[in-house]
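In case it helps, the numbering used here puts the sequence shown at residues 147 to 203.
These notes concern the structure reproduced below.
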Amino acid sequence: MKQILILIRVIMAIILITLGVNNLSEPSNTDVFIGVFEIILGLAIVFTPITSLFKKL
147 MKQILILIRV
157 IMAIILITLG
167 VNNLSEPSNT
177 DVFIGVFEII
187 LGLAIVFTPI
197 TSLFKKL
């Protein structure tokens with residue numbers, strides 16, 4: 147059950163990073179800031195469960 151939650155968090159992080167990279171190409175500074183924030187949030191979300199998963203292995 148816990149692995150499913152980790153998988154969902156990783157998928158959410160990938161979606162956030164994808165949306166963030168898409169916002170980086172926008173001409174508005176606000177969109178670029180939102181894109182950078184989404185990338186940082188996505189990396190934080192994906193880093194935590196992966197480290198806990200490798201500790202279990």
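Built from N, CA and C at the ideal position, the CB exists for glycine as well.
Which same chain residues end up closer than 7 Å to residue i when comparing Cβ atoms and leaving out the 5 residues on each side of it in sequence?
i, result
"L153", "none"
"I180", "N169"
"K120", "Because the chain in this structure spans residues 147 to 203, residue 120 falls outside the shown range and cannot be described."
When the Cα of residue i is compared with those of the options, which residue comes out closest?
i, options, result
"I186", "F200, I161, N175 and P173", "I161"
"I157", "N175, K201 and F193", "F193"
Assuming residue i is part of the alpha helix (DSSP H), what are its boundary residues?
i, result
"M158", "K148 to L170"
Can you give me the Cβ contacts of residue i inside the same chain, cut-off strictly under 6 Å, excluding the 5 residues immediately before and after it?
i, result
"A190", "none"
"G188", "A159, L162 and I163"
Going by beta carbon distance, what residues of the same chain come within less than 8 Å of residue i, once the five residues before and after it are set aside?
i, result
"V178", "N169, L170 and E172"
Please check if any C-beta of chain B sits within less than 7 Å of the C-beta of residue i.
i, result
"Q149", "Of the protein chains in this structure there is only one, and it is not chain B."
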